[in-house]
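Residue numbers (the numbering used here): 5 to 470.
Note that beta-carbon positions come from the ideal geometry of N, C-alpha and C, so glycine has one too.
In this text, all values refer to a predicted model and were calculated from it rather than measured experimentally.
Working notes for the structure below.
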Amino acid sequence: MASSAPPLGSLSEEFSCPVCLDWLQDPVTLPCGHVYCRGCIEATWGTLGVPPACPECREPCPDRRYAPCRRLKKLINQARGLSPGGAEEGARSGGRGQEHSELWRVAAGEKMSGPCSISSRDASGYLGGVRAAVFQATVLSLEDHVSTEFGKLRGWLAAREEEWQERLGRAGSAQLRAMQRNLQELAGKCQAAQEMLTEAQAHLPSQNTMEFLTVSPAPPSGERPRLPFPTPLIQPVPRHGQPATPCGPNTGSLSQTLGQFKGPVQYTAWKDMKSFLNIGLAPMPQYLPRVTLDPATAHPCLVLSEDRTRVRDGPLRRPLPDTPARFDFCVAVLGAGAFAAGRRYWEVEVGEKPAWTLGVVHASVSRKGKIHACPGKGFWVVRLRGGAELMAKDTPPVVLRPQALPHRIGVYLDYEGGQVSFYDARGMSHLYTFSARFAESVYPYFCPGLYDSGGNATPLKICPLP
Numbered sequence: 005m006a007s008s009a010p011p012l013g014s015l016s017e018e019f020s021c022p023v024c025l026d027w028l029q030d031p032v033t034l035p036c037g038h039v040y041c042r043g044c045i046e047a048t049w050g051t052l053g054v055p056p057a058c059p060e061c062r063e064p065c066p067d068r069r070y071a072p073c074r075r076l077k078k079l080i081n082q083a084r085g086l087s088p089g090g091a092e093e094g095a096r097s098g099g100r101g102q103e104h105s106e107l108w109r110v111a112a113g114e115k116m117s118g119p120c121s122i123s124s125r126d127a128s129g130y131l132g133g134v135r136a137a138v139f140q141a142t143v144l145s146l147e148d149h150v151s152t153e154f155g156k157l158r159g160w161l162a163a164r165e166e167e168w169q170e171r172l173g174r175a176g177s178a179q180l181r182a183m184q185r186n187l188q189e190l191a192g193k194c195q196a197a198q199e200m201l202t203e204a205q206a207h208l209p210s211q212n213t214m215e216f217l218t219v220s221p222a223p224p225s226g227e228r229p230r231l232p233f234p235t236p237l238i239q240p241v242p243r244h245g246q247p248a249t250p251c252g253p254n255t256g257s258l259s260q261t262l263g264q265f266k267g268p269v270q271y272t273a274w275k276d277m278k279s280f281l282n283i284g285l286a287p288m289p290q291y292l293p294r295v296t297l298d299p300a301t302a303h304p305c306l307v308l309s310e311d312r313t314r315v316r317d318g319p320l321r322r323p324l325p326d327t328p329a330r331f332d333f334c335v336a337v338l339g340a341g342a343f344a345a346g347r348r349y350w351e352v353e354v355g356e357k358p359a360w361t362l363g364v365v366h367a368s369v370s371r372k373g374k375i376h377a378c379p380g381k382g383f384w385v386v387r388l389r390g391g392a393e394l395m396a397k398d399t400p401p402v403v404l405r406p407q408a409l410p411h412r413i414g415v416y417l418d419y420e421g422g423q424v425s426f427y428d429a430r431g432m433s434h435l436y437t438f439s440a441r442f443a444e445s446v447y448p449y450f451c452p453g454l455y456d457s458g459g460n461a462t463p464l465k466i467c468p469l470p
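Given below as structure tokens:
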């Protein structure tokens, strides 16, 4: 980009632009550390028609980021006085230009002679100091760049934390308001019952027993008196077999609030960072090792991929040994490793399959005959049937009503916390949370659904986490 002659000798590596091969003009540093003229790098990115990257090492440069090298710019302006053209200008204004010219020729490797010639040792020492200054300026520029980028990251995380805290506050306020309404209702019913009791006691002294008993007609045989008895705050758990409870996106139960805010928070935030972070440099939370399938537990009709990450039901039953570990009726397979501590998270691509079941099971669950999947039997699962009905197999079952059926399911397990949560992994929106106390180790559970004459032949796929 410069108009003067290009740098000569050993200083060219420090002061020249790799694009225009001339003096660096308005130098900038890319995230990889390479330095270019600002105009050169902007022109390069504008003409290639490809995502911006470093012309030398090809490292991506998201959002065309670079940092100005102000200190290096000052050094280059000083060093340009050492060039032959700069030396001639200096000679016209004083005797310093001749010395600069000689230093430059020594640096370029020319043989000098004469009593006033400057030694190579002097030139090398001078140029070594310049190189050290250039290196220091580059390091300082990179430090500024790193500080700026981490400042952006800290700002983003602070805003994200504030957003989550506000959401949690709103959810907590909603829970508190619901509890206060229940308390007010309970207090009103208690007051009504107390008034009825007081009224009944007031009649006792003025009436004999037979008259008191005949004041009101008796209810029909087998029917209880209809007294406004207060409803308890905590309802008894219904038995299995009662109608499924609908569960929409705004379900206010405490366990569902737990699933929204005590799930894979780090991973959720990390996925959001991808809009401005280099994926290769992003940290991976510790609970993200990949889950694989255990063929020793697979139903004989199931077909597993060679890498044990995909499974589908097939039309034929293979002659496999009927071991205690193998499912013989339910077309299911377990994950290859048991979990007895810590937190785990995995994602499964379900696509548009009309039927599937995913979740977590106790190691000791029954694997023979028909299976009744519920927490009491060691199953914490969510299933889809008929391509439309998404249900959490809780007690009682809970029909889930997301805005759209998910194509990828995220499963989060917190063993010590007694939590199994399910998410629509595309946007990490919460689907359902089970609260449990695990009495033994647990396994990931996969059921791709019946083959259905090829109508449900698409496999479940355990996805590598980005």
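Residue i and residue j: beta carbons closer than 7 Å?
i: valine 295; j: isoleucine 80; result: no
i: tyrosine 419; j: alanine 345; result: yes
i: alanine 342; j: serine 445; result: yes
i: glycine 421; j: arginine 441; result: no
i: asparagine 460; j: lysine 357; result: yes
i: valine 364; j: leucine 417; result: yes
i: cysteine 21; j: leucine 28; result: yes
i: alanine 377; j: valine 337; result: no
i: glutamate 455; j: proline 328; result: According to the sequence shown, residue 455 is tyrosine rather than glutamate. Taking 7 Å as the Cβ cut-off, tyrosine 455 and proline 328 do not qualify as a contacting pair.
i: arginine 321; j: proline 463; result: no
i: proline 56; j: cysteine 44; result: no
Distance, Cα to Cα, residue i vs residue j?
i: arginine 69; j: glutamate 147; result: 15 Å
i: valine 335; j: leucine 306; result: 7 Å
i: proline 323; j: arginine 348; result: 34 Å
i: methionine 183; j: glycine 173; result: 15 Å
i: threonine 399; j: phenylalanine 383; result: 11 Å
i: alanine 71; j: valine 32; result: 5 Å
i: aspartate 4; j: arginine 312; result: This structure gives no information on residue 4, because the portion of the chain shown stretches from 5 to 470.
i: phenylalanine 438; j: arginine 405; result: 16 Å
i: glycine 355; j: histidine 434; result: 18 Å
i: proline 299; j: glutamate 310; result: 10 Å
i: alanine 408; j: leucine 469; result: 22 Å
i: proline 410; j: arginine 389; result: 13 Å
i: glycine 431; j: tryptophan 49; result: 32 Å
i: serine 151; j: proline 401; result: 52 Å
i: serine 457; j: glycine 391; result: 15 Å
Is residue i helix, strand or coil when you go by DSSP?
i: aspartate 418; result: strand
i: threonine 361; result: strand
i: alanine 178; result: helix
i: aspartate 298; result: coil
i: serine 151; result: helix
i: leucine 324; result: coil
i: lysine 372; result: coil
i: serine 457; result: helix
i: alanine 336; result: coil
i: glutamate 63; result: coil
i: proline 463; result: coil
i: cysteine 194; result: helix
i: leucine 34; result: coil
i: leucine 172; result: helix
i: arginine 330; result: coil
Based on the DSSP secondary-structure assignment, which residues constitute the bridge partners of residue i?
i: serine 20; result: Trp27
i: tryptophan 49; result: Answer is none; tryptophan 49 lacks a bridge partner.
i: tyrosine 447; result: Val365
i: leucine 388; result: Trp360 and Leu394
i: cysteine 58; result: Partner(s): none; cysteine 58 has no beta bridge.
i: histidine 434; result: Tyr427
i: proline 72; result: Val32
i: arginine 347; result: Asp418
i: isoleucine 413; result: Val352 and Asp428
i: cysteine 41; result: Pro31
i: valine 307; result: Arg316
Under 8 Å by Cβ, that's how I've got residue i and residue j pegged, so tell me the actual separation to the nearest angstrom.
i: tryptophan 350; j: valine 415; result: 6 Å
i: glutamate 353; j: arginine 412; result: 5 Å
i: cysteine 24; j: cysteine 41; result: 6 Å
i: leucine 362; j: tyrosine 436; result: Not confirmed; about 11 Å, so no contact.
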